[in-house]
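Enquirer: In terms of UniProt numbering, the sequence shown opens at residue 1 and continues consecutively. Here a beta-carbon is modelled for each residue, glycine too, at the ideal position from N, C-alpha and C. Okay, handing you the structure first.
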Amino acid sequence: MAPSTSSGVTLNINGEKYTLSVDHRTTLLDALRERLDLTGTKKGCDQGQCGACTVLLDGRRVVSCLQFAVAAEGREITTIEGVADGDRLHPVQQAFLDLDGYQCGYCTPGQICSAVAMLQEHAAGWPSAVTEDVRPEAGPPPLTTDEIRERMSGNLCRCAAYVSIVDAVAKAATPLEGEAVA
Ligand code: FES
Ligand code: FES
1 MAPSTSSGVT LNINGEKYTL SVDHRTTLLD ALRERLDLTG TKKGCDQGQC
51 GACTVLLDGR RVVSCLQFAV AAEGREITTI EGVADGDRLH PVQQAFLDLD
101 GYQCGYCTPG QICSAVAMLQ EHAAGWPSAV TEDVRPEAGP PPLTTDEIRE
151 RMSGNLCRCA AYVSIVDAVA KAATPLEGEA VA
């Protein structure tokens, strides 16, 4: 008998459990969009280069086009639909609105998910490629424009709304500095 090419999987997305059968080759991105109607997560390149499909897996940002859905079982998945706290927008979402951190908006869900995790990484003291003092005791570096640009460099914006995106991330940073990644 030929081995099965699909499996039942239960995905924990935004605090809800979804059980479905997926082909083993189904990406998390396609499961979200095509099977679960969670279309806030966007498909840009489908090969890990644009960041449009960014979601959080156990609080860390990943490109969902490079994750198999079956491998996401047992993980906490957060998509753009789950970033807000009920009717209260996440500070990153609010800052993008306040400062027009978008034009067409296609990259925006990925930008916001990425920024949410990036600010937690920064608050936890993770260095970036442009951090000058990488000693752990130095603590988080100042969140300069260069730091934000480097840390968000995996998220492309074809409208080139980068100036406003950087401003929005900087604005959102202050109230989030207390949250740390595990
Ligand atoms: S669609 Fe996943 S990185 Fe571009
Ligand atoms: S706002 Fe259009 S791609 Fe970024």
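Suppose contacts are defined by Cβ-Cβ distances below 7 angstroms. Is LEU56 in contact with ALA117 by that definition?
Expert: For this step, residue 56 is matched to residue 56 along the sequence shown. For this step, residue 117 is matched to residue 117 along the sequence shown. Yes, they are a contact pair.
Enquirer: Using 10 angstroms around the beta-carbon of SER6, count the other beta-carbons present and answer buried if the total reaches 16, otherwise exposed.
Expert: For the purposes of this step, residue 6 is taken as residue 6 along the sequence shown, with counting starting at 1. Its Cβ having fewer than 16 others within 10 Å, SER6 is exposed.
Enquirer: Shortest alpha-carbon distance to VAL70 belongs to which of PRO141, TYR18 and ALA160?
Expert: Locating residue 70 in the sequence shown gives position 70, counting from the first residue. With distances taken between Cα atoms, VAL70 lies closest to TYR18.
Enquirer: Cα separation between GLN111 and ARG35?
Expert: Residue numbering aside, residue 111 sits at position 111 when the sequence shown is read from its first letter. Residue numbering aside, residue 35 sits at position 35 when the sequence shown is read from its first letter. Cα-Cα distance, rounded: 23 angstroms.
Enquirer: Taking the CB atoms as reference points, tell me whether ALA161 and VAL92 lie closer together than 7 angstroms.
Expert: Position 161 of the sequence shown, counting from 1, holds the residue named residue 161. Position 92 of the sequence shown, counting from 1, holds the residue named residue 92. No, the Cβ-Cβ distance between ALA161 and VAL92 is not below 7 angstroms.
Enquirer: Put ARG88 into one of helix, strand or coil per three-state DSSP.
Expert: If you number the sequence shown from 1, residue 88 lands on position 88. Three-state DSSP puts ARG88 in a strand.
Enquirer: Determine the contact status of ASP58 and ARG75, defining contact as a CB-CB distance below 7 angstroms.
Expert: Position 58 of the sequence shown, counted from the first residue, corresponds to residue 58. Position 75 of the sequence shown, counted from the first residue, corresponds to residue 75. Cβ distance < 7 angstroms, so ASP58 and ARG75 count as in contact.
Enquirer: Cα-Cα, which of ASN12, GLU137 and LEU143 is closest to GLY82?
Expert: For the purposes of this step, residue 82 is taken as residue 82 along the sequence shown, with counting starting at 1. Measuring from the Cα of GLY82, the nearest candidate turns out to be ASN12.
Enquirer: Taking 5 angstroms as the limit, tell me which residues put their C-beta closer than that to any heavy atom of ligand 4, in chain order.
Expert: What this structure holds is ligand 1 and ligand 2, not ligand 4.
Enquirer: Would you report the Cα separation of GLY154 and CYS45, rounded to the nearest angstrom?
Expert: Your numbering for residue 154 matches position 154 in the sequence shown. Your numbering for residue 45 matches position 45 in the sequence shown. Spanning the two alpha carbons is a distance of roughly 12 angstroms.
Enquirer: Tell me whether ASP30 sits in a helix, a strand or coil according to DSSP, three-state version.
Expert: The count along the sequence shown starts at 1 and reaches residue 30 at position 30. If DSSP states are grouped into helix, strand and coil, ASP30 belongs with the helices.
Enquirer: Roughly how many angstroms separate the alpha carbons of residue 229 and LEU89, rounded to a whole number?
Expert: This structure gives no information on residue 229, because the portion of the chain shown stretches from 1 to 182.
Enquirer: Identify which residue in CYS113, GLN49, TYR106 and VAL62 has its Cα closest to the Cα of GLN94.
Expert: Along the sequence shown, read from residue 1 onward, the residue named residue 94 stands at position 94. Of CYS113, GLN49, TYR106 and VAL62, the residue nearest in Cα terms is CYS113.
Enquirer: From ILE77 to ILE148, what does the alpha carbon distance come to, in whole angstroms?
Expert: To locate residue 77, count along the sequence shown from 1; it is residue 77. To locate residue 148, count along the sequence shown from 1; it is residue 148. Distance between the alpha carbons of ILE77 and ILE148: 24 angstroms.
Enquirer: Can you tell me where the beta strand (DSSP E) with LEU119 in it begins and where it stops?
Expert: Sequence index remark: in the sequence shown, residue 119 carries index 119 (1-based). Counting along the chain, LEU119 falls outside any beta strand (DSSP E), though it belongs to the alpha helix (DSSP H) covering 108-123.
Enquirer: Taking DSSP's pairing of strands, which residues face ASN14 in a bridge?
Expert: As a working note, residue 14 is residue 14 in the sequence shown. Per DSSP, none; premise fails for ASN14.
Enquirer: Cα-Cα, which of THR144, PRO141, ARG135 and ALA31 is closest to GLN67?
Expert: Against the sequence shown, residue 67 aligns to sequence position 67. The shortest C-alpha separation from GLN67 is found at ALA31.
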